[in-house]
Amino acid sequence: KFNPVNHVTEWQTPMLVIHGQRDYRVPYSQGIATFTALQRRGIPSRLLIYPDENHWILKPANSIQWHREVEAWLARWTGSDTE
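Just so we're aligned, residue 1 is where the sequence shown starts under the numbering used here, counting upward by one.
Written out as structure tokens, the structure is:
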């Protein structure tokens with residue numbers, strides 16, 4: 001019911017999929033399936049996996065990368081400059 005892939009026919013918006021491989025709240029397989037479904041539908045998407053993180057990206061180096069990726073994604077798809 002809550003798996004994002006169950007709603008794939010409604011998707012049109014470019015999506016950045018970020019997933020911690022040790023996530024106990026959202027199964028890692030759902031992140032992979034979401035990205036795969038986006039790619040198959042031709043929706044612009046990017047997958048970012050953190051093998052050593054859980055539901056929250058907390059390690060300092062990973063957090064910095066996470067923020068940079070999100071800011072770049074938003075700037076690209078909203079046409080705004082985040083700097």
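C-beta: ideal position from N, C-alpha, C; glycine also. In this text, all values refer to a predicted model and were calculated from it rather than measured experimentally.
Considering only the alpha carbon of each residue, which of V5, K59, A61, L58 lies closest to V17? From the listed residues V5, K59, A61, L58, the smallest Cα separation to V17 is found for V5.
Whole angstroms are fine: how far does the CA of P44 sit from the CA of T78? 13 Å
How would you call A37, buried or exposed, if buried means at least 16 neighbouring beta carbons within 10 angstroms? buried
So, are the CB atoms of H19 and I57 less than 7 Å apart? no
Could you tell me the distance, in whole angstroms, from the CA atom of A61 to the CA atom of R22? 17 Å
Report yes if the C-beta distance between R89 and H55 is below 7 Å; otherwise report no. Outside the modelled stretch of the chain, which goes from 1 to 83, sits residue 89, for which no answer is possible.
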